[in-house]
Amino acid sequence: MADNLSYSFALPGGAFCVGLARRAVSDLLIRHDLAELCDTAVLATSELVAAAYRFTPDREMLLRVHSR
Numbered sequence: 001m002a003d004n005l006s007y008s009f010a011l012p013g014g015a016f017c018v019g020l021a022r023r024a025v026s027d028l029l030i031r032h033d034l035a036e037l038c039d040t041a042v043l044a045t046s047e048l049v050a051a052a053y054r055f056t057p058d059r060e061m062l063l064r065v066h067s068r
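Right, dumping it as structure tokens:
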């Protein structure tokens, strides 16, 4: 398991950001041998980014991923 993993992603505004965020989180976790977390993390990412887009459409977002 990766120690103290920390990444940030800037996402441009738009509905397509949900897919970008899901792919980024999935790829990141797989790359760091954390594939067992993918399903839960991708679902949480999808829900959070979709809610952020819903309430602040077309605004840039920052997604942070941490693992300790």
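Per our numbering, the sequence shown starts with residue 1, numbered consecutively. Beta carbons are placed, not taken as given, at the ideal position from N, Cα and C, and that holds for glycine.
Any idea which residues DSSP pairs Ala-10 with across the strands?
-> Leu-62
Residue burial classification, Thr-40 (beta-carbon count within 10 angstroms, cutoff 16) = exposed
Delimiting residues of the alpha helix (DSSP H) encompassing Ala-21 | 17-31
Take Ala-15 and list the residues in its own chain whose beta-carbon comes closer than 7 Å to its own, dropping the five residues that flank it on each side.
-> Tyr-53
Below 7 Å CB to CB, which residues in the same chain sit around Pro-12 once its five sequence neighbours on both sides are set aside?
-> Glu-60
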